[in-house]
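Q:
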Amino acid sequence: MACIKGSVITSPFLDLGLSDGLANAVDALGYETPTPIQEAAIPSVLMGRDILGSAQTGTGKTASFTLPMIDILDAGRAKARMPRSLILAPTRELAAQVAESFGKFSVNHRLSMALLIGGVSFSDQEAALDKGVDVLIATPGRLLDHFERGKVLLQDVKILVIDEADRMLDMGFIPDVERIVGYLPVMRQTLFFSATLSEEIHKIGKKFVMNPKIIEVAKPASTADTVSQRLIWTKPRDKRDVLRKLLRRETLQNAVIFCNRKRDISTLLSSLKRHEFNVAALHGDMTQSARLAALSDFKEGRVTLLIASDVAARGLDIPSVSHVFNFDVPSNAEDYVHRIGRTGRAGRSGSAFTLAASEDDKKYLHAIETLIGQSILLDGQENTGDDQTADASTPKAGKKTGNTSDTAPDTDSGGKSRSRNKKSGKKQAMNENARTGNEKTGAARDAKYPDEKRPPEWKGNSFRDSDHIPAFLR
Ligand code: AMP
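So for the sequence shown, the numbering used here puts the first residue at 4; every next one is plus one.
1) Just to confirm, are Phe196 and Asp166 a CB contact at a threshold of 7 Å?
2) Using CA coordinates, which residue listed in Phe328, Glu219, Ala258 and Val212 is at the minimum distance from Ile235?
3) Ligand 1 heavy atoms versus the CB of Thr65: any closer than 6 Å?
4) Going by DSSP in three states, Leu272 sits in which element: helix, strand or coil?
5) Following a CB-centred definition, is Tyr367 positioned closer than 6 Å to any heavy atom of ligand 1?
6) Tell me the residue span of the alpha helix (DSSP H) that contains Ala1.
7) Compute the Euclidean distance between the alpha carbons of Glu129 and Leu76, then round it to the nearest angstrom.
8) DSSP state of Met85, grouped into three classes?
9) Relative to the alpha-carbon of Lys209, which residue among Arg84, Val138, Gly79 and Leu194 has its alpha-carbon at the smallest distance?
10) Say yes only if the C-beta of Gly61 is nearer than 6 Å to one or more non-hydrogen atoms of ligand 1, and no if none qualify.
11) Report buried or exposed for Phe125, applying the criterion of at least 16 other Cβ atoms within 10 angstroms of its Cβ.
12) What does the Cβ neighbour count give for Ser354, buried or exposed, with the cut at 16 atoms within 10 Å?
13) Where do the ends of the beta strand (DSSP E) carrying Ile218 lie?
14) Rank Glu362, Pro239 and Val324 by C-alpha distance to the C-alpha of Thr346 and give the top, closest one.
15) Whole angstroms is fine: what's the gap from Asn111's alpha carbon to Ala28's?
16) Between Ala168, Glu203 and Phe301, which lies nearest to Val282 when the distance is taken from Cα to Cα?
17) Mind checking Phe16: buried by the 16 CB within 10 Å criterion, or exposed?
18) Between Tyr34 and ligand 1, is there a pair consisting of the residue's CB and a ligand heavy atom that are separated by less than 6 Å?
19) Going by CA-CA distance only, name the one from Leu308, Ile260 and Gly304 that's closest to Glu279.
20) Quick one, are the C-beta atoms of Ala336 and Ile310 less than 7 Å apart?
21) Please report the distance separating the alpha-carbon of Met85 from that of Val212.
22) Cα separation between Leu271 and Gln291?
In structure tokens:
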């Protein structure tokens, strides 16, 4: 936390080399301590180093690159149509969220920003570009559209961020990204982030970065320890009833409910509305303005429940979702990790419930449990920490029911004590993560990438007290 001692403001964010303006801005947002990715990335970004980072959304990754960028870009101004930095994101929602974060972090700076995403008019975006932007946040397709119309020039971009590179790969955007990077100056700083650093992603990343600092803060496909995960077996036709009972039983602040198919989203939306729940939908077939409206209603608490598809899942950044419900078991195991990653973010506690109802679900659950390396407990079963976990992919006699209250003895007291434990364990978990992160950037990483060239170690915390000259200024 930033606090005043005499006239000196202290904050762990200042210790990372960030300016007072930023330390105050994050303090106002309630950030007390940097997350592991922020600790690892911010000093290096300030020193102009390239980054090859593995971090999932929910780890505080956005601030790890936007905060230092704001301080770097503060020393200069943009020319018309020539952005000074570029952040590429795979989806409109993710790009919009990065823009929102940038807006919040830069309240004490005079920097301009433009957001180029599909589904919104070209003319407003062109007007913003004409004024000159310090930070351009874009999806690859829309950026190329503007570039081809001659509305944006990329030769002045000094910092490039490629966010969620694995998602870019899944969505077939890597060729577009390569084209865009071809229009940028060779002398630039590049920050490349991906939820996982698989061999393939590492290979792609190395095309864009020079002597990067490699940062890995979370194991690939791990689920946060702060999320309690529970499974309920029922019949397909009982699912809506089971969900309603869960929604009434749990102490909900807000929740995201995931469905596998868009038409199920519509059915569930009408059903929950009929039962007087405060609910909205978010999926790829909605217009961009309807999607943004639903998201903002949810974020600002006007809507408590959001029924979403997986396309919407990855980009969602809602700071304090208390619950995630998988109305369907996702057929892709990684989607499970992304779905439940909407809760328990940045060390907060959260609950995730999955409804299973078919033979296929058994198969999907097996893949999920293999991926996350743990069994998902049946609802009502306490996690004792020993090897008492159920094989969640098997419906158990006496647990298979549409009546969730039957399956959840003493939920209130159990739930409360679990959440207390989670809170007290939060700091320890963060420290543990930080330690693991550091180990991963040290000897273990050297062993993993023996051919990686590394610049000499630097001294000091920021580029103000270092002799290092950032790549883009050399
Ligand atoms: P991200 O991984 O960037 O999507 O961030 C996930 C959430 O964590 C966002 O809601 C951020 O506002 C929040 N967050 C990021 N950094 C911190 C921090 N140091 N302390 C508390 N919350 C944070």
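Cβ atoms here follow ideal geometry from the backbone N, Cα and C, with glycine treated the same way. These figures come from a predicted structure and were not determined experimentally.
A: Looking at the atomic coordinates:
1) Translated into positions along the sequence shown, residue 196 becomes position 193. Translated into positions along the sequence shown, residue 166 becomes position 163. Inclusion of Phe196 and Asp166 in the CB contact set at 7 Å is warranted, their separation being smaller than that value.
2) Residue mapping note: residue 235 aligns to position 232 of the sequence shown, counting from 1. The residue among Phe328, Glu219, Ala258 and Val212 with its C-alpha nearest the C-alpha of Ile235 is Phe328.
3) By 1-based counting over the sequence shown, the position of residue 65 is 62. Within the cutoff, so yes.
4) Residue mapping note: residue 272 aligns to position 269 of the sequence shown, counting from 1. Here Leu272 sits in helix by DSSP.
5) As a first step, residue 367 is located in the sequence shown; it is residue number 364 there, counting from the start. Look at Tyr367: its beta carbon is at least 6 Å from all of the heavy atoms in ligand 1.
6) An answer regarding residue 1 cannot be provided, because it is not within the stretch 4 to 477 covered by the chain.
7) Numbered from its first residue, the sequence shown carries residue 129 at position 126. Numbered from its first residue, the sequence shown carries residue 76 at position 73. Rounded to whole angstroms, Glu129 to Leu76 spans 21 Å at the Cα level.
8) Taking the first residue of the sequence shown as 1, we reach residue 85 at position 82. In the structure shown, Met85 sits in a strand (DSSP, three-state: E or B).
9) Translated into the one-based positions of the sequence shown, residue 209 becomes position 206. Closest option to Lys209, Cα to Cα, is Leu194.
10) Taking the first residue of the sequence shown as 1, we reach residue 61 at position 58. Correct: Gly61 has its Cβ closer than 6 Å to ligand 1.
11) Numbered from its first residue, the sequence shown carries residue 125 at position 122. Around the beta carbon of Phe125, fewer than 16 other beta carbons sit within 10 angstroms, so the residue counts as exposed.
12) Residue numbering aside, residue 354 sits at position 351 when the sequence shown is read from its first letter. Buried, because 16 or more other Cβ atoms sit within 10 Å of the Cβ of Ser354.
13) Indexing the sequence shown from 1 puts residue 218 at position 215. First-last of the beta strand (DSSP E) with Ile218: Lys216 to Glu219.
14) In the sequence shown, counting from the first residue as 1, residue 346 sits at position 343. Distances from the CA of Thr346 to each of Glu362, Pro239 and Val324 were compared; the closest alpha carbon is that of Val324.
15) In the sequence shown, counting from the first residue as 1, residue 111 sits at position 108. In the sequence shown, counting from the first residue as 1, residue 28 sits at position 25. Here the alpha carbon of Asn111 sits roughly 7 Å from the alpha carbon of Ala28.
16) Counting from one through the sequence shown, the residue named residue 282 turns up at place 279. Nearest of Ala168, Glu203 and Phe301 to Val282, Cα basis: Phe301.
17) Counting from one through the sequence shown, the residue named residue 16 turns up at place 13. With 16 or more other CB atoms across the displayed protein chains lying within 10 angstroms of its CB, Phe16 is buried.
18) Translated into the one-based positions of the sequence shown, residue 34 becomes position 31. The beta carbon of Tyr34 sits closer than 6 Å to at least one heavy atom of ligand 1.
19) Locating residue 279 in the sequence shown gives position 276, counting from the first residue. In this structure, Leu308 is the residue among Leu308, Ile260 and Gly304 with its C-alpha nearest to the C-alpha of Glu279.
20) On the sequence shown, position 333 is the one that residue 336 refers to. On the sequence shown, position 307 is the one that residue 310 refers to. If you check the CB distance, Ala336 and Ile310 do not come in under 7 Å.
21) By one-based count along the sequence shown, residue 85 stands at place 82. By one-based count along the sequence shown, residue 212 stands at place 209. Roughly 22 Å between the two C-alpha positions.
22) As a working mapping, residue 271 is identified with position 268 in the sequence shown. As a working mapping, residue 291 is identified with position 288 in the sequence shown. Taking the Cα positions, Leu271 is about 21 Å away from Gln291.
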